[in-house]
Every structure is written in structure tokens, then in C-alpha cells.
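So the structure is just underneath, and the comments pick up after that.
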Amino acid sequence: MRVALFEPEIAGNVGAVLRLGACLGAAVDLIEPLGFAWDDRRVRRTAMDYIDHVVIARHDGFDAFRTAIGARRLVLFTTKATHSAYDFGFDADDVLLFGKESAGVPADVAAGCDQRVRLPIRPEVRSMNLATAVALALGEALRQTNGLPGEG
């Protein structure tokens, strides 16, 4: 299982996702451009020494990323989807894609994904924090595929 972040803008969110990936054994793909300098100490401050325990791949745009993951199924998490992630059947080799904090993904990127799902939220709010959404989604995907550490 992999997590991919499309043009993330907030270093702290990326650091939190890297720490999550380290804890749950999921590689993290970063699709550039990033909204911050990669050497930003805020990434390491949030990820702490966990950054040394996660596989990180950086990609020069969506096309390069799509080529790198090959035939793996790309599952986009978007507030625009109608299908709940909790009613979706994940595969162990899925790549879970999340858009940038301010705008999600553009239409052409959404069209390049194999599936679109959403995390259910109350109608009076717009979206969850990126790192929180990744934690919920990755936890559910790993639970379904018996991929949680120490289980299965």
C-alpha cells in the first residue's frame, strides 16, 4: 500500500503523513511541485526521526508519478466522489491519492485515477485536514487488506 500526495502545500501535513507511513508500513509518494522547500525543518520536526523509517519517492509531476506506479490501481480521495471509502473494496497494492490542501486535484488528474472515493463528513463542513484524512483512509485500507502491522 502506498500514499501519494499531489502538490502538498503544508510541510507539517507532509511530516505527519511521513510519520504515519513509517508507523503503518506504507510508502509515501510526493508529486511535485511542493508548496514549501523540501529541506524545511518543519517536515522533520513533525516527522521526527520516523522520517528515517519510511520509503519516500518524489515525482516531477503527475505524469511521472503515474508512470512510476505502473499498473497499480490509483484511488483518489475527493470530496467530489459519491462512493464512501467504507463501502469500497481496497486491494493490498493500491495507491491512495490525496490532493493539495487548498484545491484538491485538477480535473485531468482526477480523470487519470482508476477510482474515486470520499470520507464521509457532515454537510456543513468542507473537508478534513490532509493528515487526518490520510490516517482514516490508510487505516481502513490496511484493515480491509489485513495489512495493519502486527495483524493478519
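Letter by letter, the sequence shown follows residues 1 to 152 in UniProt numbering.
Glycine included, every Cβ here is placed at the ideal spot set by N, Cα and C.
Note that this is a predicted model, so its numbers are computed, not measured.
- Query: In three-state DSSP terms, what is Asp29?
  - Reply: strand
- Query: Name the DSSP bridge partner or partners of His59?
  - Reply: Answer is Ile31.
Hey, would you say Ala81 sits closer than 8 Å to Val134, going by beta carbons? no
- Item | Length of the line joining the Cα atoms of Leu119 and Gly61 | 25 Å
Neighbourhood of Leu5 by C-beta, 6 Å cutoff - its chain only, sequence neighbours within 5 removed: Leu30 and Phe98
Distance between Ala107 and Leu18 (C-alpha atoms, nearest Å): 26 Å
For Ala94, count neighbouring Cβ atoms within 10 angstroms of its own Cβ and tell me buried if that reaches 16, exposed if not. Reading off the sequence shown, one finds Asp at residue 94, where the question assumed Ala. Buried: at least 16 other Cβ atoms inside 10 Å.
TODO: Excluding the 5 residues preceding and the 5 following Ala68 in the sequence, name in chain order all residues of the same chain whose CB lies nearer than 8 Å to its CB.
DONE: Asp29, Ala57 and His59
*Measure from the alpha carbon of Gly89 to the alpha carbon of each residue in Val109, Ala111, Gln115 and Ala71, then state which is nearest.*
Gln115
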